[in-house]
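A short write-up of the structure that comes next.
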Amino acid sequence: MTQIIFKNGTTLSVTQNASTYTTPERPDFPEDLTDITIIGDEGRKTIANGMIVDCYSEGEGYHFTIIEKPYQMVLEEKLSEQDDIICELLLNA
């Protein structure tokens, strides 16, 4: 059994097959997918900026993959957050 531990403390016990994880039903993934720790047969792995992809239900399980977000996507999100802060400051000036 593999454990996936999210930054907010949520822990999932999953079955792992290569890079795919399976749970009996769709889990409630936390909104914050930074600093995810995966502990399994291959040791401990940390994902700094996670992204859940390839999600589907099949038979008795829910399958998903967690990948590291591409750097360009992380950068664009941070720039968008900065733009929002600047707009808010200008509106409140």
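So the sequence shown is numbered by our numbering: it starts at 88 and just counts up by one.
Using N, Cα and C, we set each Cβ at its ideal position, and we do this for glycine too.
Quick caveat: nothing in here was measured; it's all calculated off a predicted structure.
Beta-bridge pairing of residue i - partner residues as DSSP gives them
i, result
"F116", "Looking at the DSSP assignment, F116 forms no beta bridge with any residue, so it has no partner."
"Q90", "S100 and I126"
"E155", "G137"
Which listed residue (the options) has its alpha carbon closest to that of residue i
i, options, result
"V101", "T89, I125 and T107", "T89"
"D119", "E163, I139, C174 and S167", "I139"
"T107", "M160, K132, H150 and I92", "H150"
"F93", "A135, Q103 and G130", "A135"
Close Cβ partners of residue i (< 6 Å) along its chain, the five nearest in sequence each way excluded
i, result
"P114", "L99"
"K156", "N136 and M138"
Sub-8 Å separation of residue i and residue j beta-carbons
i, j, result
"D96", "T121", "The sequence shown places Gly at residue 96, not Asp. No, the pair does not count as a contact, with Cβ atoms beyond the cut-off."
Neighbourhood of residue i by C-beta, 7 Å cutoff - its chain only, sequence neighbours within 5 removed
i, result
"F116", "I139"
"E112", "Y149"
Given 8 Å, three or more beta-carbon pairs between the stretch 140-151 and the stretch 123-131: no
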